[in-house]
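To start, the structure under review is shown below, and the notes come after it.
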Amino acid sequence: MTAPLRLGTRGSALAMAQSSQIAEALTATTGRPVELVEVITAGDRSNAPVHRLGVGVFVSALRDALTARTIDFAVHSYKDLPTAAAAGLHIAAVPARQDPRDALIAQGGRTLAELPPGATVGTGALRRIAQLHALGLQLEVTPIRGNIDTRLARVLGPEADLDAVVLARAGLARIGRTDAITETLDPMLMLPAPAQGALAVECRVDDQDLVELLALLDHAPSRAAVTAERALLATLEAGCSAPVAAYAELAEGDDGDEIYLRGAVISPDGTRDLRLSRTGTPADAAEIGKALAAELLELGADSILGHEGHTGPGTQQFGSTE
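If you're matching positions, the sequence shown starts at 709 in the numbering used here and goes up one per residue.
Written out as structure tokens, the structure reads:
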């Protein structure tokens, strides 16, 4: 009998759901059995606002377990990963990405435009807070923490205290709660976080057999899109909780597939909002992201992000988010 591969995962409903989906896909593709190993991270033990917890707070314990060889591979929400590479580890697969858009869950089935001035909207991401303010709808936006069910209960439960919450649509889909969505937000209104909706399947770089096995789950268009978005994030020296948004789409062009990348940097109060776009080929995904970030920096993105003394890409991080 072949020993099961040990897949490390956080214990939240969302993490378990997405890890189970990867485990089932790997077994279906290769025939190898997989067992889930729960790993508790620093982010799971804290109630502090996400943007104050530090980079990789949901990731480091899983990576420590990989390095210690107590698990064979791990599944991360890709947007949680610091942009700097981890020594000795390798992203072996980026499976097909879920819908990266944000979703509104509001009392009374309301859309964002139907929320009255003064309505209370909860979200855990500074990026979303900034973009909600930038819309000028006079909403009361408040930071919230907790798993998906906890956040939904703030709107839909018997003790609801918010008019609406904004969550990643992909997370709701992975735990079967898209029924709660009252509006999937157009990226023109709410540009997603870099790599939102994507998963990263990580293993040790020296485990070549597993690297090759996991590569069977890789989805090249999803990897290219995420590469462009995260290159923008890294070049801006912004961590995953900074008010930075990016969304890359692949489409058929005159000379083959093209990437269309949109990027934005928004001040937390919404008063400054820089948005640009750029196109290129999937092979140049990283360069597209770097070039778009350079254009944003030329327009003053540094001052919005609070690090005017920009010294080069990838030298600083500001946080992580679920």
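Glycine included, every Cβ here is placed at the ideal spot set by N, Cα and C.
Partner residues in the beta bridge of Y968, as assigned by DSSP, are E957 and T987. Within the same chain, Cβ atoms closer than 7 Å to the Cβ of P712 are found at P741, V742 and E743, the five residues on either side in sequence being excluded. Ranking L925, A1001, G826 and L984 by CA distance to the CA of R805 puts L925 first.
Remark: three or more beta-carbon pairs, one from each stretch, lie closer than 8 Å, so the segment 901–912 and the segment 789–809 are flagged as touching. The Cβ-Cβ distance between R970 and L897 does not fall below 8 Å. Of the other Cβ atoms in all chains shown, fewer than 16 fall within 10 Å of the Cβ of A959; this residue is therefore exposed.
For A1002 and T943, the gap between their C-alpha atoms comes out near 7 Å. Taking one beta carbon from each stretch, the segment 868–879 and the segment 809–819 have 3 or more pairs nearer than 8 Å; the two touch. Assignment of beta-bridge partners to D810 by DSSP yields A876.
Cβ-Cβ distances below 8 Å link A881 to Q806 and D807 in the same chain, with the five nearest sequence neighbours on each side left out; the list follows chain order. If the five residues before and after A1009 are omitted, its C-beta is found closer than 8 Å to the C-beta atoms of L944, V973, L982 and A1001, all from its own chain and listed in chain order. In the structure shown, the three-state DSSP call for H798 is strand. In this model, L1013 and A901 are separated by some 15 Å (Cα to Cα). Rounded to whole angstroms, the separation of the alpha carbons of E746 and L893 is 33 Å.
Membership of V919 in the alpha helix (DSSP H) is indicated by the continuous run Q916 to L922.
If you draw a straight line from the Cα of R980 to the Cα of V952, it is about 12 Å long. Positions of the alpha helix (DSSP H) runs, each at least 4 residues long and wholly inside the segment 837–884, are given as 856–864 and 877–882 in order along the chain. Under DSSP, the beta-bridge partners assigned to L982 are V973. The beta-bridge partner set that DSSP reports for L744 consists of L715. In the three-state reduction of the DSSP assignment, A723 falls in the helix class, which pools H, G and I. Between R714 and T858, the alpha-carbon positions lie close to 29 Å from each other. Taking C-beta separations shorter than 8 Å and ignoring five residues to either side along the sequence, the partners of L864 in its chain run I813, Q815 and A888, following chain order. DSSP places A782 in the uninterrupted beta strand (DSSP E) bounded by F781 to S785.
Around the beta carbon of A939, 16 or more other beta carbons lie within 10 angstroms, which makes this residue buried. If you check the CB distance, G830 and T850 come in under 8 Å. E966 is positioned such that its CB atom lies no closer than 8 Å to that of Y955.
Rounded to the nearest whole angstrom, the C-alpha separation of R862 and P790 is 30 Å. Here T710 is exposed, its C-beta having fewer than 16 other C-beta atoms within 10 Å. DSSP, reduced to helix, strand and coil, places L1013 within a helical segment of the structure shown.
Only residues of its own chain outside the window of five on either side were considered, and among them I967 and I996 have a CB closer than 6 Å to the CB of G988, listed in chain order. If the five residues before and after L922 are omitted, its C-beta is found closer than 8 Å to the C-beta atoms of L734, F781, A800, A801, V909 and C911, all from its own chain and listed in chain order.
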